[in-house]
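Residue numbers (my numbering), protein chains in the order written: chain A, 32 to 143; chain B, 168 to 281.
C-beta atoms are modelled at their ideal positions from N, C-alpha and C, and glycine is treated no differently.
First up is the structure itself, then whatever we jot down about it.
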Amino acid sequence: GENVEQHPSTLSVQEGDSAVIKCTYSDSASNYFPWYKQELGKRPQLIIDIRSNVGEKKDQRIAVTLNKTAKHFSLHITETQPEDSAVYFCAALFLNDYKLSFGAGTTVTVRA
Amino acid sequence: DSGVTQTPKHLITATGQRVTLRCSPRSGDLSVYWYQQSLDQGLQFLIQYYNGEERAKGNILERFSAQQFPDLHSELNLSSLELGDSALYFCASSVVAGGGDTQYFGPGTRLTVL
Numbered sequence: 032g033e034n035v036e037q038h039p040s041t042l043s044v045q046e047g048d049s050a051v052i053k054c055t056y057s058d059s060a061s062n063y064f065p066w067y068k069q070e071l072g073k074r075p076q077l078i079i080d081i082r083s084n085v086g087e088k089k090d091q092r093i094a095v096t097l098n099k100t101a102k103h104f105s106l107h108i109t110e111t112q113p114e115d116s117a118v119y120f121c122a123a124l125f126l127n128d129y130k131l132s133f134g135a136g137t138t139v140t141v142r143a
Numbered sequence: 168d169s170g171v172t173q174t175p176k177h178l179i180t181a182t183g184q185r186v187t188l189r190c191s192p193r194s195g196d197l198s199v200y201w202y203q204q205s206l207d208q209g210l211q212f213l214i215q216y217y218n219g220e221e222r223a224k225g226n227i228l229e230r231f232s233a234q235q236f237p238d239l240h241s242e243l244n245l246s247s248l249e250l251g252d253s254a255l256y257f258c259a260s261s262v263v264a265g266g267g268d269t270q271y272f273g274p275g276t277r278l279t280v281l
């Protein structure tokens, strides 16, 4: 079935350190992988996405890497700041039904 | 602000009742998606509409139904409500139907069933 696993479920980092969240997916044909950030009580917001024709994408302090062979992708946040504290969700598009399946989320806490 | 609007913001009702949640997509978006987010849970896909037609279905209960109107706004109807239906309900919209373009989320409707 369609499955996206996300690890870790919680992550605490010191301000200025890096945070890494990893996701694996089950459908080798998936070709679209967005990451959403959700602050407490607010809507999920897209922060970065990657398509299967590239292996890495960067946007300032955020980067995503994709390994299609291993069917996993990761979010990297460098020089973390307190405002990076939120729940982060990965997702993968499953082409059999074009549905976006989300991981269970990672609660990131940046300690000042 | 994503451009997606949802009403109401909060809804408190009793078990057995029926409620309707409303979503207006971003201007130009033809697809509307509905998600359920229970406490400390991820986003569970319920259903998608594209230009008025049902496009994809997730784990949506039979007590729940949805539709998309000619003006592209969508409504999610929840009936015979149970305590476990208490959750945040988000709608999202995107331009096309294929799911491979960005989904923009609305602010959500928090449903509390007492």
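So, at 8 Å on beta carbons, what are the nonlocal neighbours of residue i in its own chain, with the 5 sequence-adjacent residues on each side left out?
i	result
L178 of chain B	V186, L188, T276, R277, L278 and T279
T182 of chain B	L248, E249, L250, V280 and L281
R222 of chain B	S198, Q215, Y216 and A264
T180 of chain B	V186, L248, L278, T279, V280 and L281
L210 of chain B	Y202, Q203, Q204 and F257
Take the Cβ of residue i as the centre, count every other Cβ of all protein chains shown within 10 Å, and call the residue buried at 16 or more, exposed below.
i	result
K73 of chain A	exposed
P65 of chain A	buried
G136 of chain A	buried
R142 of chain A	exposed
D115 of chain A	buried
P175 of chain B	exposed
T100 of chain A	exposed
F231 of chain B	buried
K130 of chain A	buried
S61 of chain A	buried
Which partner residues does residue i have in the DSSP bridge list?
i	result
K68 of chain A	A:Q76 and A:Y119
E221 of chain B	B:Y216
Q235 of chain B	B:S241
V141 of chain A	A:V44
Q37 of chain A	A:C54
N98 of chain A	A:H103
L281 of chain B	The partner list for L281 of chain B (beta bridge, DSSP) is empty, contrary to what the question assumes.
For residue i, tell me which candidate among the options has the shortest Cα-Cα distance.
i	options	result
H38 of chain A	A:K130, A:H107, A:D115 and A:R142	A:H107
L124 of chain A	A:S59, A:S105 and A:K88	A:S59
V118 of chain A	A:L126, A:L131, A:K68 and A:L77	A:K68
E110 of chain A	A:N84, A:E46 and A:D128	A:E46
L239 of chain B	B:T269, B:E220 and B:K224	B:E220
N127 of chain A	B:L243, B:G225 and B:Q211	B:G225
L42 of chain A	A:S132, A:P75 and A:F120	A:F120
D78 of chain A	A:V85, A:Q91 and A:G86	According to the sequence shown, residue 78 of chain A is Ile rather than Asp. Taking only the C-alpha atoms, the option nearest I78 of chain A is A:Q91.
Near residue i, which residues of its chain fall below 7 Å by C-beta distance, leaving aside the five closest residues on each side in sequence?
i	result
C258 of chain B	V171, Q173, C190, V199, Y200, W201, S241 and G273
D196 of chain B	S260, S261 and V262
H103 of chain A	K53, C54 and T55
A254 of chain B	Q203, Q204, S205 and L278
Q184 of chain B	L248
Can you tell me which of the three DSSP states residue i falls into?
i	result
D252 of chain B	helix
E114 of chain A	helix
Q208 of chain B	coil
N226 of chain B	coil
By Cβ distance below 6 Å, which residues in the same chain neighbour residue i in space, the five residues on each side in sequence not counted?
i	result
D80 of chain A	P65
S194 of chain B	none
S57 of chain A	N34
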